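Working notes, beginning with the structure itself.
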Amino acid sequence: MRLLLVNPNTTASMTAAIATSAEGVARPATLIEAVNPDQGPASIENDDDELRCVPGLLAQIRTAAARPGAQRPDAYVVACFGDPGLAAARDLVDVPVLGIAQAAMHAAALVAGTFSVVTSMSATVPRGWELAKAYTPAACLGVYATDIPVLRIDSDPATIDPIGDVCARALASDGSRSIVLGCAAMARFAEPLRQRLGVPVIDGVVAATLLAEALAPLTDA
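Heads up: the sequence shown begins at -7 in my numbering, then just goes up one per residue.
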């Protein structure tokens, strides 16, 4: 199958990291592509950024959907934790479109029962709660911000330490059984944080990739 991950911001290094995360778990026969728009926010850290990224996101999906049949994706992933433009993207195509927040939250609920979300900036916390209440209202016990900008998380491996500290506090405060990472730039930290914390740490890019592979055959003609 062909899976297209769309990073709705314009930062190519994040797009490359998203592709690497997906390739790390995808089946050998799955072709992973990752793209980002040329115009829009460099990172998505508040409601205004989410609104501004949607036109570029949808343009990427329209372009891919217009390819010849053999080149057309069998599923799409919106690789931003706010799931911006998800409903509109689903209206454009007749194959699965997954948001990484929805994928991660459902995966955490299935794997562990309850979870806490650890995201980037405080401005994204209300959106995290909004999505959790829509997707898995009984499973999300808390949403916490590290207040580390997305581009710094993307470029600085040392941010894993303060992110891990917030995760540990969230688990202790909520009594939750897993962590959902609320930022695509945190994807590479999932496994080392799992080892540190001793609980499942769910990255939405990985969760969405695995779910897309499972769901795509359900839409085959």
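Where is the CB? At the ideal position from N, CA and C, for every residue including glycine. Since this is a predicted model, take the numbers as computed values, not measurements.
Inter-residue CB distance, residue i and residue j (contact presumed, cutoff 8 Å)
| i | j | result |
| --- | --- | --- |
| Tyr68 | Val(-2) | 6 Å |
| Glu172 | Val109 | The sequence given here has Val at residue 172, not Glu. Their Cβ separation, rounded to whole angstroms, is 5 Å, which keeps Val172 and Val109 in contact under 8 Å. |
| Asp192 | Ala100 | According to the sequence as given, residue 192 is Pro; it is not Asp. The pair is a contact, with the Cβ atoms about 7 Å apart (cut-off 8 Å). |
| Met97 | Cys72 | That pair is no contact at about 14 Å. |
| Ala288 | Met6 | Any question about residue 288 goes unanswered here, given that the chain covers just -7 to 213. |
Residue environment, residue i, which counts as buried when at least 16 other CB atoms sit within 10 Å
| i | result |
| --- | --- |
| Asp157 | exposed |
| Glu205 | buried |
| Leu210 | exposed |
| Gly174 | buried |
| Gln63 | exposed |
| Leu203 | buried |
| Pro88 | buried |
| Ala14 | buried |
| Ser168 | buried |
| Leu43 | exposed |
| Ala130 | exposed |
| Gly105 | exposed |
Beta-carbon proximity check, residue i vs residue j, cutoff 8 Å
| i | j | result |
| --- | --- | --- |
| Met113 | Ala150 | no |
| Gly61 | Pro0 | no |
| Gly77 | Leu50 | yes |
| Ala34 | Thr12 | no |
| Thr201 | Leu(-4) | no |
| Val46 | Ala80 | yes |
| Met178 | Asp166 | no |
| Leu185 | Leu163 | no |
Any beta strand (DSSP E) of 3 or more consecutive residues that is wholly inside the stretch 146 to 204: Those beta strand (DSSP E) runs which fall completely within the stretch 146 to 204 and span 3+ residues are 171 to 174 and 193 to 195.
Uninterrupted alpha helix (DSSP H) stretches inside the stretch 54 to 129 (no shorter than 4 residues): As far as the stretch 54 to 129 is concerned, its whole alpha helix (DSSP H) runs of at least 4 residues are 78 to 84, 92 to 104 and 117 to 127.
Complete alpha helix (DSSP H) runs within the stretch 0 to 31 (minimum length 4 residues, chain order): As far as the stretch 0 to 31 is concerned, its whole alpha helix (DSSP H) runs of at least 4 residues are 4 to 17.
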